[in-house]
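Asker: Residue numbers (this note's numbering): 2 to 121.
The beta carbon of each residue, even a glycine, is placed where N, CA and C say it ideally should be.
Supplied in structure tokens, the structure appears directly below.
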């Protein structure tokens with residue numbers, strides 16, 4: 002994965018970053034109810050898989066802002082921003098009741114993303 006290093010001294014949210022890394026170390030977790038009615042309807046109309054359609058929407062949003070593509074490399078004390086966030090699909094195996102991760106590449110073009118994610 003390609004990324005660029007962010008200068009923490011020039012980062013526009015320097016104060017917020019410092020607060021959450023020095024004053025109150027924490028992690029982030031989020032659960033939200035969202036209405037996917039339109040996406041389900043569109044998937045049915047297009048005869049596409051809802052899971053991949055939703056994965057595209059989610060990944061497109063994650064790639065829309067640098068703030069969503071950031072990470073911290075603790076080994077080198079570097080704040081970084083990935084060039085792109087790629088999604089992971091999980092395939093459930095009914096026989097063993099286990100999941101296998103499948104790594105897909107994000108494409109901004111929906112048709113390309115859908116075709117490649119389906120092939121994965």
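Could you pull out every residue in the same chain whose Cβ sits closer than 8 Å to the Cβ of residue 1, ignoring the five residues on either side in sequence?
Answerer: This structure gives no information on residue 1, because the portion of the chain shown stretches from 2 to 121.
Asker: The alpha helix (DSSP H) spanning residue 18 covers which residue range?
Answerer: Where residue 18 is concerned, the enclosing alpha helix (DSSP H) stretches over 15-19.
Asker: Residue 7 and residue 86 - do their beta-carbons sit closer together than 8 Å?
Answerer: The answer is no: Cβ separation not under 8 Å.
Asker: Kindly list the residues whose CB is nearer than 8 Å to the CB of residue 15, restricted to its own chain and excluding five residues on each side of it in sequence; keep chain order.
Answerer: 9, listed in sequence order.
Asker: Tell me the rounded alpha-carbon separation between residue 107 and residue 91.
Answerer: Between residue 107 and residue 91, the C-alpha separation is close to 16 Å.
Asker: In angstroms with no decimal places, state the Cα-to-Cα distance between residue 17 and residue 52.
Answerer: Computed Cα separation, rounded: 35 Å.
Asker: Of the choices 3, 105, 12 and 22, whose alpha-carbon is the least far from that of residue 75?
Answerer: When each option's Cα is compared against that of residue 75, the closest is 22.
Asker: For a quick check, are the C-beta atoms of residue 4 and residue 84 less than 8 Å apart?
Answerer: Taking 8 Å as the Cβ cut-off, residue 4 and residue 84 qualify as a contacting pair.
Asker: On the three-state DSSP scale, how would you describe residue 89?
Answerer: The answer is strand: DSSP assigns residue 89 an E or B state.
Asker: In the DSSP assignment, what are the bridge partners of residue 71?
Answerer: DSSP, once it has assigned bridges, lists 82 as partnering residue 71.
Asker: Between the C-alpha atoms of residue 78 and residue 72, what's the straight-line distance to the nearest angstrom?
Answerer: Computed Cα separation, rounded: 11 Å.
Asker: Which value, in whole angstroms, describes the spacing of the CA atoms of residue 70 and residue 2?
Answerer: Distance between the alpha carbons of residue 70 and residue 2: 11 Å.
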